[in-house]
Structures are given as C-alpha cells and as structure tokens.
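Let me begin by presenting the structure, written as structure tokens, before commenting on it.
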Amino acid sequence: MSSDDKPTTEYRIDDLARAAGTTTRNVRGYQDRGLLPRPLRRGRIAIYTDLHLDRLKVINDLLRRGFTIRHIGEFFSGIQRGDDLADVLGLREVVAAPWGNTTTTSVTADQLRELLNNSNPAYVTRLIDLGLITPEGAEDPPASFTVLDQETIDAYARLVRRGLTLNSILSVHEKLSAQMDSAAEALISAGRATIADEYKDGWIPQTAAESDWARDLLVELRRAGSTIAHNTLDRALDRDMARQLGDYLAIAERDESSGDDDRRQSTR
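First residue of the sequence shown? That's 1 in UniProt numbering, and the numbers climb one at a time after it.
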C-alpha cells in the first residue's frame, strides 16, 4: 500500500483535543493564530485528520519546553519543505524534548490570582504570551490553568509578597526574554554558519552519520547556551548588586549627614 493509500483517521474537534491531550478552546485558539490548519468541512461539521493531531502534539511539546506561541509560530513558518522535515533532521528529539527541569502543575484561576495577588486579566494574557501558563478547559474566561514553569511563577509570587508589582516583574521578564532571544539567535546562527561552512545552508543529512553529527551539534549548542546564559546572568547580578548597593549606601550616608546637620542647627 502506498503512502497515498494509507487510511486517514478523522476526528471531530472534541475527539482531536482529547487525542492530543489539550482542549477544544486551545485547538480553536491555535487555528486563529495560524498554528493549526483549518479543518475540512463536511456540511456544518469540521473534520480534522492525523495531520492536525501531529501538529498539535508538536505544539504541546514546544509549550512544555517553554516556547511561547510567537516562537512556535515562527518555527512553523520557517518549515516549508514538508511535514517530515523535522523527523529527517532529528529536530523533534532535539527541539521538542524537555531540556530544562521546569515543573508543571494545574491551578484554578482563583489560586493563580491569590498566588500573584492580582486579578487583572491583562496580566493573565501576558503570562500566557510569555509561555508561563496556558488555559485549561473551554471556559471563557478560563477557570483553571496549567502552569508551565512552576519555579518561575513561584519566584514571582515571592517577589510579589515582598512588595514588587506584578507589572514590574513581567516587564523585567519581557525585557530579559527579548535579550535572551538575541543571545540565542547569535549562538544558533553560529551553529548554522558551521553547517553552511561544512556543507551548505539548507543542507539535509543524507546518512545516519550526518544526522548524528547535526543532532550532536544542536545538542551542544543548547548545552553551551544554557551554561553561558546562567553563569553570565549570575555574574551580571553580582556586579549590579554591588554597584547599586554602593549607590544606596552613599545616599543613606548623605541623608544621615544631612540629618545630623539639621539636628545640630535645631539645638543652637
């Protein structure tokens, strides 16, 4: 039987969401964002196929990995050479497999509001766009969420309890995320240039040895990038902590000296 003769499973939207481990609300949302092809139409019934299911599984993998919806859209838009390209390159293993140790959990909307001490729905949207949470169920607004990075959300909750506003925290996250995107682009571009120098840009491995070489290069790029980002940020935090602490103490000393002068003036 040829690939053209292979039977195709058909799904209604509820069945598709269940098979992919997601929700109908997410399926419709991915369609609206252009991440998922529109279904076939049989009268008023939307019909989905295994192609939709495979795409949903990749989306779920990337979301668990920490990719944002924007990143996933860019990833898909860059792959125009066939549905099996990721398998040829070994990218499903390298790109979609969990590299970090982030913990996922489920929380109700009320628990999320209590955790972050904020009920503004605009911040929920920002958390979704940053890839930190994703809605569960079909309710609108969502009644519960999957927290995709429990450690980060917990860290933000601790900062909120100590007086930082959620807006300021997310603004820092957005700025840092953009800077990390630039750093990642520089590092991955260096790896791409290595492939282009060795073969050519757009090269596809033809043998198992070539696939192993490309996969090992991507793995080492990821490992090096994680180490560089972590250690560089730690050193930057140490430097700026010392700098700003010095500034803070200098202001405190000036204020103390000014207060002593005022007290001496009042006793004359």
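Where a beta carbon is used, it is the ideal one built from N, C-alpha and C, also for glycine.
It should be emphasised that the depicted structure is a prediction, and the values quoted were computed from it without experimental measurement.
Bridge partners - Ser106, DSSP secondary structure assignment: Here the question's residue 106 lines up with position 106 in the sequence shown. DSSP output for Ser106 lists Thr146 as bridge partner(s).
7 angstroms Cβ shell around Phe76 - same chain, five flanking residues per side excluded: Position 76 of the sequence shown, counted from the first residue, corresponds to residue 76. Answer for Phe76: Leu35, listed in chain order.
Closest residue to Leu56 among Gly66, Tyr30, Leu40 (Cα-Cα distance): Counting from 1 along the sequence shown, the entry for residue 56 is found at position 56. Of the listed residues, the one whose Cα sits closest to Leu56 is Tyr30.
Three CB pairs or more closer than 8 angstroms across the segment 124 to 137 and the segment 166 to 185: Short answer: they touch.
Alpha helix (DSSP H) segments (min. 4 residues) lying fully within the segment 146 to 229: Within the segment 146 to 229, the complete alpha helix (DSSP H) runs of at least 4 residues fall at 150 to 161, 166 to 198.
Cβ neighbours of Arg12 in the same chain (closer than 8 angstroms, five flanking residues each side left out): The sequence position of residue 12 within the sequence shown is 12, counting from 1. Around Arg12: Ile45, Ala46, Ile47, Tyr48.
DSSP beta-bridge partners of Pro135: Reading the sequence shown from its first residue, position 135 is the one you call residue 135. In DSSP, Pro135 forms a bridge with Phe145.
Counted within 10 angstroms of its Cβ, other Cβ atoms place Arg223 as buried (16 or more) or exposed: Numbered from its first residue, the sequence shown carries residue 223 at position 223. With fewer than 16 other Cβ atoms within 10 Å, it is exposed.
Between the CA atoms of Asp140 and Glu151 - distance to the nearest angstrom: Reading the sequence shown from its first residue, position 151 is the one you call residue 151. Reading the sequence shown from its first residue, position 140 is the one you call residue 140. Rounded to the nearest whole angstrom, the CA to CA distance from Glu151 to Asp140 is 26 angstroms.
Assigned secondary structure, Leu40 (DSSP; H/G/I helix, E/B strand, else coil): Stepping through the sequence shown from its first residue, residue 40 is reached at position 40. DSSP places Leu40 in strand when its eight states are reduced to three.
Rounded separation between Ala252 and Ser258 - CA only: Numbered from its first residue, the sequence shown carries residue 252 at position 252. Numbered from its first residue, the sequence shown carries residue 258 at position 258. Between Ala252 and Ser258, the C-alpha separation is close to 10 angstroms.
Integer-rounded CB distance, given that Thr134 should sit under 8 angstroms from residue 293: Past the boundaries of the shown model lies residue 293; the chain is included only from 1 to 268, so the question cannot be answered.
Distance CB(Arg113)-CB(Ser119) smaller than 7 angstroms: Within the sequence shown, numbered from 1, the residue matching residue 113 stands at position 113. Within the sequence shown, numbered from 1, the residue matching residue 119 stands at position 119. Yes, these two residues count as a Cβ contact at 7 angstroms.
Segment limits, alpha helix (DSSP H) that includes Thr24: Translated into positions along the sequence shown, residue 24 becomes position 24. Taken as a continuous stretch (DSSP letters only), the alpha helix (DSSP H) holding Thr24 covers 24 to 32.
Range covered by the alpha helix (DSSP H) that runs through Tyr123: Stepping through the sequence shown from its first residue, residue 123 is reached at position 123. 121 to 129 is the extent of the alpha helix (DSSP H) around Tyr123.
Residue burial classification, Thr23 (beta-carbon count within 10 angstroms, cutoff 16): One-based indexing of the sequence shown puts residue 23 at position 23. A buried status is given to Thr23, since no fewer than 16 other beta-carbon atoms sit within 10 Å of its beta-carbon.
Exposure of Asp32, with buried meaning 16 or more beta-carbon neighbours within 10 Å: As a working note, residue 32 is residue 32 in the sequence shown. With a threshold of 16 other beta carbon atoms within 10 Å, Asp32 falls short and is exposed.
Whether residue 278 touches Thr9 by CB criterion (7 angstroms): With the chain represented from 1 up to 268, any question about residue 278 goes unanswered, as that position is not in the structure.
Rounded distance between the beta-carbons of Leu115 and Leu132, thought under 8 angstroms: By one-based count along the sequence shown, residue 132 stands at place 132. By one-based count along the sequence shown, residue 115 stands at place 115. The beta carbons of Leu132 and Leu115 sit about 12 angstroms from each other, so the pair does not count as a contact at 8 angstroms.
Ser2 - DSSP class collapsed to helix/strand/coil: What you label residue 2 is simply residue 2 of the sequence shown in a count that begins at 1. Bear in mind that a pLDDT of 41 at Ser2, under 50, signals an unreliable position, so the number given afterwards is only what the model happens to contain. The answer is coil: DSSP assigns Ser2 none of H, G, I, E or B.
Cβ pair Ala138, Arg38 closer than 7 angstroms: In the sequence shown, residue 138 corresponds to position 138, counting from 1. In the sequence shown, residue 38 corresponds to position 38, counting from 1. Taking C-beta atoms as the reference points, Ala138 and Arg38 fail to come closer than 7 angstroms.
Given Asp201 as reference, the closest of Thr207, Gly191, Ala208 once Cα atoms are compared: As a first step, residue 201 is located in the sequence shown; it is residue number 201 there, counting from the start. Per the Cα distances, Gly191.
Residues bridged to Tyr48 [DSSP beta-bridge criterion]: What you label residue 48 is simply residue 48 of the sequence shown in a count that begins at 1. Per the DSSP secondary-structure output, Tyr48 pairs in a beta bridge with Tyr11.
Cβ-based burial, Leu16 [other Cβ within 10 Å; buried from 16]: Reading the sequence shown from its first residue, position 16 is the one you call residue 16. Burial call: buried.
With 16 other Cβ atoms within 10 Å as the buried cut-off, status of Arg64: As a working mapping, residue 64 is identified with position 64 in the sequence shown. Burial check for Arg64: the Cβ neighbour count within 10 Å reaches 16 or more, so the residue is buried.
Whether Leu187 touches Gly163 by CB criterion (7 angstroms): Counted from its first residue, the sequence shown places residue 187 at position 187. Counted from its first residue, the sequence shown places residue 163 at position 163. In this structure, Gly163 does not lie closer than 7 angstroms to Leu187 by Cβ.
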